[in-house]
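Numbering-wise (the numbering used here), the sequence shown opens with residue 10 and increments by one.
No residue lacks a Cβ here, since even glycine has one placed at the ideal position from N, Cα and C.
Below is one structure, written out as structure tokens; the observations come after it.
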Amino acid sequence: MARTANAAFLRDALLRTRERTLGLLEDYVAALGSDCKVPRRPELNPPLWELCHVAWFQDWWLARNPDWALGVQCNPDAPKLESRLFNADARLNSSTIAHDTRWEIGLPDLQGTREYLAASLRDTLRLLEQADALCASDPGNADQYLYFFRLCVLHEQMHNEAAVFMAKLLNIQLRPHNACRPGMQECSSESVQLHLPASQWTLGWQGEGFAFDNEVPACVVQLQAFTIDSRPVSWVQYLEFVQATQHPMPAFVAFENDGWINLGYGQKIPLKLSAPAENISWLDAQAYCQWAGRRLPTEAEWEYAAHTQAYMQWGQVWEWTANTFLPFDGFKMHPYVDYSKPWFHDRKVLKGASWATSAEMVHPKYRNYFQPDRQDVLSGFRTCAVNR
10 MARTANAAFL RDALLRTRER TLGLLEDYVA ALGSDCKVPR RPELNPPLWE
60 LCHVAWFQDW WLARNPDWAL GVQCNPDAPK LESRLFNADA RLNSSTIAHD
110 TRWEIGLPDL QGTREYLAAS LRDTLRLLEQ ADALCASDPG NADQYLYFFR
160 LCVLHEQMHN EAAVFMAKLL NIQLRPHNAC RPGMQECSSE SVQLHLPASQ
210 WTLGWQGEGF AFDNEVPACV VQLQAFTIDS RPVSWVQYLE FVQATQHPMP
260 AFVAFENDGW INLGYGQKIP LKLSAPAENI SWLDAQAYCQ WAGRRLPTEA
310 EWEYAAHTQA YMQWGQVWEW TANTFLPFDG FKMHPYVDYS KPWFHDRKVL
360 KGASWATSAE MVHPKYRNYF QPDRQDVLSG FRTCAVNR
């Protein structure tokens with residue numbers, strides 16, 4: 010797992026992640042051509058801008074950052090070395106560039122983008138050798154020396170998953186090895202009720218390894234006894250709700266020739282009714298719960314169940330919780346200062362992972378967050394019994 014990985018694992022993870030990045034790029038080029046133009050929409054980003062941003066991000070925190078070995082203690086405002094790409098900071102820093110202006114920014118062409126990615130990765134791997142030597146001489150501070158390498162692996166993997174989301178919106182066919190997490194287990198068709206006693210649970214990250222700033226400091230939560238589904242709500246269950254209430258289905262599902270089909274990724278395939286419902290918004294999930302006489306789990310309930318219940322099946326879809334995305338008491342920004350703070354208060358927390366999430370990203374402590382009306386995310390939900 011990237012969060013506690015040593016340098017050797019991180020090297021392999023960086024290379025595997027880049028292989029997926031370039032594979033997804035090939036799929037986009039096959040569908041869109043070498044310029045990879047996409048419509049200007051809130052859910053999309055220009056693909057070449059995304060990839061140049063990935064290269065820029067690695068350079069910003071590693072190759073251009075003289076203080077990378079300070080890890081989480083690094084001053085984000087400390088001067089950086091000159092960029093290998095002219096005026097890169099003004100073009101590729103997502104913290105300062107308005108989303109709707111990214112379509113007008115001059116960028117390298119397809120070959121230039123590939124070269125930028127390759128040069129950035131070469132320098133990252135070179136610095137990782139230095140970090141490995143520091144870890145060998147000072148193992149007690151290994152988390153500090155490896156902090157930005159772990160961040161960069163996870164950051165690129167987030168952009169890979171976003172590329173899978175975008176491909177569904179754009180109806181781009183993806184090769185399965187680029188789209189899906191290898192070795193992912195399907196949900197069993199049976200959903201059972203898991204009964205958990207009242208307990209005390211520590212929400213958030215504890216101990217060694219990498220943590221995102223919104224996961225720390227960990228906080229103790231008192232939980233009442235609760236009952237939770239063993240798996241996310243299936244399409245069978247969701248269709249019962251839709252047929253009873255006339256609630257609209259996600260745009261990626263349609264009824265044709267007496268059957269439900271799944272649209273997107275350049276194909277039409279029969280909807281697998283036992284699979285978790287996906288592309289469900291938080292608002293959709295709340296409407297289902299109201300109809301079913303159930304409720305969404307809290308973030309702490311979900312995390313407690315995932316850690317303690319062997320029959321808790323998760324990892325197929327991101328799962329909405331009842332919680333608004335908020336900082337834990339004592340929150341302090343990490344060097345990537347815009348990762349969490351700008352998004353507190355108006356987004357909802359999702360837990361788990363989707364079938365498109367890279368293996369290193371999958372952890373029950375991870376806090377994802379999106380606006381409650383988003384339906385382009387590979388998101389679903391499970392429910393809890395309402396205490397009477």
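- Distance check between Ser92 and each of His62, Ile114 and Asp109 places His62 closest, using alpha-carbon atoms only.
- Burial of Ile237 is indicated by the presence of at least 16 other C-beta atoms within 10 angstroms of its C-beta.
- With a cutoff of 8 Å on beta-carbon distance, Ile289 and Ser197 are scored as not near each other.
- Contact between the stretch 204-220 and the stretch 313-325 is present: three or more C-beta pairs spanning the two stretches fall below 8 Å.
- Here Phe250 really is in contact with Trp300; their C-beta atoms are around 5 Å apart, less than 8 Å.
- Within the same chain, and ignoring the five residues on either side of Ala188 in sequence, the residues whose Cβ sits closer than 7 Å to its Cβ are Val173 and Ala365.
- Judged by DSSP secondary structure, Gln246 falls within the alpha helix (DSSP H) whose first and last residues are Trp244 to Thr254.
- For Val225 and Leu163, the gap between their C-alpha atoms comes out near 17 Å.
- Residue Ser363 holds the alpha-carbon nearest to the alpha-carbon of Arg190 among Ser363, Tyr375 and Pro85.
- Note that the stretch 92-108 touches the stretch 53-73; at least 3 beta-carbon pairs, one per stretch, sit closer than 8 Å.
- Annotation: Pro351 to Val358 spans about 14 Å, alpha carbon to alpha carbon.
- Measuring C-alpha to C-alpha distances from Ala11 to each of Gln166, Gly361, Asp338 and Trp327 identifies Gln166 as the nearest.
- Excluding residues up to 5 positions away in sequence, Trp244, Val262, Trp269, Ile270 and Asn271 lie with their Cβ nearer than 7 Å to the Cβ of Leu280 in the same chain.
- Here the alpha carbon of Gln139 sits roughly 13 Å from the alpha carbon of Tyr156.
- Sorting Ala97, Leu130 and Met258 by C-alpha distance to the C-alpha of Asp385 places Met258 at the top.
- Secondary structure in the stretch 88-120: the alpha helix (DSSP H) runs of 4 residues or longer, each lying completely within the stretch, are 97-101 in chain order.
- Following the DSSP letters along the chain, one finds Asp238 inside the beta strand (DSSP E) bounded by residues Phe235 to Asp238.
- Within the model, the alpha-carbon separation for Leu134 versus Leu143 is close to 14 Å.
- One thing to note: Phe390 has its Cβ within 8 Å of the Cβ of Trp329.
- Boundaries of the beta strand (DSSP E) around Glu328: Trp327 to Thr333.
- In this structure, Asn169 places its C-beta atom within 8 Å of the C-beta atom of Ser367.
- Minimum Cα-Cα distance from Ala227 among the listed residues Arg376, Ala97 and Leu136 corresponds to Arg376.
- Inclusion of Val230 and Trp210 in the CB contact set at 8 Å is warranted, their separation being smaller than that value.
- In this structure Gly80 is buried. Its beta-carbon is surrounded by 16 or more other beta-carbon atoms within 10 angstroms.
- Under the three-state reduction of DSSP output, Pro185 falls in the helix class.
- Ranked by how close their Cα comes to the Cα of Gln82, the residues His256, Leu305, Glu59 and Phe219 have Phe219 in first place.
- Here the alpha carbons of Tyr247 and Tyr154 stand approximately 47 Å from one another.
- Secondary structure note for Gly273: its beta strand (DSSP E) is the uninterrupted segment Gly268 to Gly273.
- Less than 8 Å divides the Cβ of Tyr37 from the Cβ of Ile181.
- Look at His343 here: in three-state DSSP terms it is coil, with no helix or strand label.
- Here Asn150 carries a helix assignment [DSSP, helix/strand/coil].
- Per the coordinates, the alpha-carbon of Asn396 lies some 10 Å from the alpha-carbon of Gln233.
- Burial state of Asp141 is buried, judged by a 10 Å Cβ sphere holding 16 or more other Cβ atoms.
- Per the C-alpha coordinates, the member of Gly115, Leu305 and Glu287 positioned closest to Gln295 is Leu305.
- By the beta-carbon neighbour count (other beta carbons within 10 angstroms, threshold 16), Glu35 is exposed.
- Here Glu265 is bridged, per DSSP, to Gly268.
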